[in-house]
Amino acid sequence: MKREEIFQYVKEQYGTEPEYLWKKDPDSAVLRHKNGKWYAIIMAVEKKTLGLEEDGKINILDVKCAPDLVGMLIQTYGFLPGYHMNKRHWITILLDESVSEAKTLDFLDMSYDLTESSKSPASISQNNKQ
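With UniProt numbering applied, the sequence shown covers 1 to 130.
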């Protein structure tokens, strides 16, 4: 899935616009919930920084995730522990088409839900299992 597709989805779904907060990294964008909490970050990072063997940069999506899913997910190609985030609560999704669009959007939606003040990670995880 491409960055622009994610930006279009969150604009239509949540009314969210990307925020570019870092002068040193002008391509990195934060997606912020109406309550002010971040629910996703899109960045281009060096593959080697992520432990990948190839050279060059790759686009990634960091999203908040139910902690009971993180350990299982990071065993699957395309998912990594959250880059520059709490690794117990965040995952990184490679935006290289190794993760389907449907799954990427499911995790983006989960992250949006998890950042709502009234939702607990346990209730989100339970709802996603049904």
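The C-beta atom is built at its ideal place from N, Cα and C for all residues, glycine as well. If you're wondering where the values come from, they're calculated on a predicted model, not measured in any experiment.
With contacts defined by Cβ atoms closer than 8 Å, Tyr39 and Leu105 do not form a contacting pair.
The DSSP assignment places complete alpha helix (DSSP H) segments of no fewer than 4 residues inside the stretch 29 to 91 at 67 to 73, in order along the chain. Put simply, of Lys64, Glu46, Cys65, Leu50 the residue whose alpha carbon is nearest the alpha carbon of Lys57 is Glu46.
Beta-carbon to beta-carbon, Arg88 and Ile42 are separated by about 21 Å, too far to satisfy the 8 Å threshold.
When the five nearest sequence neighbours on each side are left out, the beta carbons in the same chain lying within less than 6 Å of the beta carbon of Thr92 are those of Ile60, Asp62, Leu80, Gly82, Tyr83, in order along the chain.
Taking a 10 Å sphere around the C-beta of Leu21, we find fewer than 16 other C-beta atoms and assign the residue as exposed.
In this structure, DSSP gives Leu105 a helical state, which the three-state scheme calls helix. For Lys64 and Val70, the gap between their C-alpha atoms comes out near 10 Å.
Note on geometry: alpha-carbon atoms of Ser28 and Leu50 lie some 16 Å from one another.
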